[in-house]
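Structure, as structure tokens:
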Amino acid sequence: MFKQIVHSWMFGPMDLGRILEDLAAAGADGIDLSASFDESHNNLSVLSGARAGSLLAGSGLPVEVITPLYRSKHLDFSHPDESIRKTTIEFTNGCVDLARLYGAKRVLVSASRIGPAHQIHSSYEEDWKRATDSLSRSAGYAEKQGVKLMLEPINRYMVGLVHTVAEARRMINEIGSPAICIVPDAFHMNIEEENGVLGGIFSAKGDIGCLHLGNNNRRPPSAGAIDWIAILRALKETGFDGPLSHEPVELYFSENKMASDYKYREKFISGLAESIVYLRRCMKQL
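Position 239 of the sequence shown, counted from 1, bears residue number 448 in our numbering, the numbering being contiguous throughout.
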């Protein structure tokens, strides 16, 4: 019913070829390809290069989403420094180009920097206006390229702006472009949505480009308290037809260990495979 894809950022600096092999072994239907601004293994130059193109073409795993990693101090749509906002717009537009290169129709965006160092810079209102104005420029570029930007509401501990579906809708309405929609995340909705995950999904009806998968504890769907059959049913009722993107993060998760510790990665892939099978079983019950 719904394709299941997996974020590549979780594998840290691991070789793309090995990542693709692991995702295929786990039974994924595609990849959510993460792109960084300043990391050597997954920057735009590397991911648009001939080797990455060859690996992706030969993997049998289509690129469904490009996910820019807004973790760098140089990336923030809401920053008072115009040069940082300009860099963020250019990087995002480069991710739109990467999406076009690989036939992906969706690119994730965040209104502000992601990570524990996030902050409100001036005031909520001023930061909001800068983010909205900057995102509108990337939305205009994406619209010309036939690509959708997906604005992600993220919990208050990780970003300064856009924590709820309602805030995402407000920003999208102010941007006023058909090239921007919402990518709800079950883990973040479990924290921030007044009416829970189901309430968040129904309030995003008609504007959902992708759903991020993480349980109440951000572990895989098969390892937590969220009712996934109810979520899948809600997605079906809203007319959603996009992919489900796995982003499970265990307690004390380490990207570096994913790349360097075979047993650690093997356990992760085993849990991922179990969750993919679990969700397929859930889909059959609808």
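Virtual Cβ for every residue (Gly too), placed ideally from N, Cα, C.
All values derive from a computational prediction rather than experimental measurement.
Exercise for review: Would you mind reading off the limits of the alpha helix (DSSP H) that contains residue 329?
Suggested key: Taking the sequence shown and counting its residues from 1, one reaches residue 329 at position 120. That residue, residue 329, is in no alpha helix (DSSP H); it is neither H nor E in DSSP.
Review point. DSSP state of residue 476, grouped into three classes?
Key: Residue mapping note: residue 476 aligns to position 267 of the sequence shown, counting from 1. DSSP places residue 476 in helix when its eight states are reduced to three.
Review point. Could you give the residue range of the alpha helix (DSSP H) that holds residue 447?
Key: Taking the sequence shown and counting its residues from 1, the one referred to as residue 447 is at position 238. Start and end: 437–447.
Exercise for review: Can you give me the start and stop residues for the beta strand (DSSP E) that residue 495 sits inside?
Suggested key: As a first step, residue 495 is located in the sequence shown; it is residue number 286 there, counting from the start. Element bounds for residue 495: n/a, residue is neither H nor E.
Point to revise | Limits of the unbroken alpha helix (DSSP H) element including residue 397 | key: As a first step, residue 397 is located in the sequence shown; it is residue number 188 there, counting from the start. Note, residue 397: alpha helix (DSSP H), 395–401.
Check your understanding: In the structure shown, what three-state DSSP assignment does residue 380 receive?
Key -> By 1-based counting over the sequence shown, the position of residue 380 is 171. Helix, per DSSP.
Check your understanding: Can you name the start and end residues of the alpha helix (DSSP H) that residue 308 belongs to?
Key -> Indexing the sequence shown from 1 puts residue 308 at position 99. 291–311 is the extent of the alpha helix (DSSP H) around residue 308.
Review point. Nearest to residue 341 by CA position, among 385, 280, 490, is which residue?
Key: Translated into positions along the sequence shown, residue 341 becomes position 132. The option with the nearest alpha carbon to residue 341 is 385.
Exercise for review: Report the three-state DSSP secondary structure of residue 355 (helix, strand or coil).
Suggested key: Walking along the sequence shown from the start, residue 355 turns up at place 146. Residue 355: coil per DSSP, three-state reduction.
Exercise for review: Pick helix, strand or coil for residue 373, following the three-state DSSP scheme.
Suggested key: Numbered from 1 along the sequence shown, position 164 holds the residue referred to as residue 373. In the structure shown, residue 373 sits in coil (DSSP, three-state: anything other than H, G, I, E or B).
Point to revise | Beta-carbon gap between residue 303 and residue 253 smaller than 8 angstroms | key: The sequence position of residue 303 within the sequence shown is 94, counting from 1. The sequence position of residue 253 within the sequence shown is 44, counting from 1. Yes, the Cβ-Cβ distance between residue 303 and residue 253 is below 8 angstroms.
Practice item. Check whether the region 462–474 touches the region 407–425, taking contact to mean three or more Cβ pairs, one atom from each stretch, closer than 8 angstroms. Key: no
Point to revise | Cβ neighbour criterion (16 or more within 10 Å) applied to residue 363 | key: On the sequence shown, position 154 is the one that residue 363 refers to. Buried.
Exercise for review: Out of 400, 277, 234, state which residue places its alpha-carbon closest to the alpha-carbon of residue 299.
Suggested key: The residue labelled residue 299 in the question sits at position 90 within the sequence shown. Cα-wise, what sits closest to residue 299 is 277.
**Study point:** Environment of residue 295 [buried if 16+ CB atoms lie within 10 Å]
**Key:** Within the sequence shown, numbered from 1, the residue matching residue 295 stands at position 86. In summary, residue 295 is exposed, with fewer than 16 beta-carbon neighbours lying within 10 Å of its beta-carbon over all protein chains present.
Point to revise | DSSP three-state assignment for residue 390, whether helix, strand or coil | key: Against the sequence shown, residue 390 aligns to sequence position 181. For residue 390, the secondary structure class from DSSP, reduced to helix, strand or coil, is strand.
Review point. Across which residues does DSSP place residue 252 in a beta bridge pair?
Key: Along the sequence shown, one-based indexing puts residue 252 at 43. Per DSSP, 245.
Review point. Does DSSP put residue 273 in a helix, a strand or coil?
Key: By one-based count along the sequence shown, residue 273 stands at place 64. It is a strand residue.
Exercise for review: Taking residue 495 as the reference, give the member of 484, 440, 476 with the closest Cα.
Suggested key: Taking the first residue of the sequence shown as 1, we reach residue 495 at position 286. Nearest C-alpha to residue 495: 440.
**Study point:** Start-to-end residues for the alpha helix (DSSP H) that takes in residue 214
**Key:** Numbered from 1 along the sequence shown, position 5 holds the residue referred to as residue 214. No alpha helix (DSSP H) contains residue 214, which is instead part of the beta strand (DSSP E) from 213–216.
Point to revise | Length of the line joining the Cα atoms of residue 236 and residue 274 | key: Position 27 of the sequence shown, counted from the start, is the residue given in the question as residue 236. Position 65 of the sequence shown, counted from the start, is the residue given in the question as residue 274. Their Cα atoms are separated by approximately 17 angstroms.
Practice item. If I'm right that residue 381 touches residue 389 with Cβ under 8 angstroms, what's the distance once you round it to whole angstroms? Key: Indexing the sequence shown from 1 puts residue 381 at position 172. Indexing the sequence shown from 1 puts residue 389 at position 180. With 8 angstroms as the limit, residue 381 and residue 389 qualify as a contact, their Cβ atoms being about 5 angstroms apart.
Practice item. Give the secondary structure of residue 409 by DSSP, where H, G and I count as helix, E and B as strand, and everything else as coil. Key: On the sequence shown, residue 409 is found 200 positions in, with the first residue counted as 1. The answer is helix: DSSP assigns residue 409 an H, G or I state.
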